[in-house]
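Inspection log for the structure reproduced underneath, given as structure tokens.
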């Protein structure tokens with residue numbers, strides 16, 4: 012939350028960059044959706060003052076996508 016003190020809500024856009032870079036190299040749609048996800052998860056983190064909810068949401072999405080792929084095969 013150190014970025015928020017200096018940059019306000021623009022901190023969300025700053026933290027979006029490494030989030031999207033970490034998703035680079037994955038399917039194009041996933042990389043694009045990482046932009047929206049980073050903004051939403053950043054907003055949730057600032058509103059709740061915790062990264063727990065964002066981590067939980069990210070884990071649930073990751074797990075459910077993997078489960079879907081396994082069940083489809």
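In my numbering, the protein residues as written are 12 to 84. Even for Gly, the Cβ is constructed at its ideal location relative to N, Cα and C. This one's a predicted model, so the numbers in the text were calculated from it and none came from an experiment.
message = Applying the 10 Å Cβ sphere with the 16-neighbour rule, what's the burial state of residue 52?
response = Taking the first residue of the chain shown as 1, we reach residue 52 at position 41. Residue 52 is buried by the Cβ-count criterion.
task = Please report how far the alpha carbon of residue 38 lies from the alpha carbon of residue 28, in whole angstroms.
result = Translated into positions along the chain shown, residue 38 becomes position 27. Translated into positions along the chain shown, residue 28 becomes position 17. Computed Cα separation, rounded: 17 Å.
request  = Within 10 angstroms of the Cβ of residue 67, are there 16 or more other Cβ atoms? Answer buried if so, exposed if not.
outcome  = Sequence index remark: in the chain shown, residue 67 carries index 56 (1-based). It is exposed - the Cβ of residue 67 has fewer than 16 other Cβ atoms within 10 Å.
task = In angstroms with no decimal places, state the Cα-to-Cα distance between residue 81 and residue 75.
result = Reading the chain shown from its first residue, position 70 is the one you call residue 81. Reading the chain shown from its first residue, position 64 is the one you call residue 75. C-alpha separation (whole angstroms): 10 Å.
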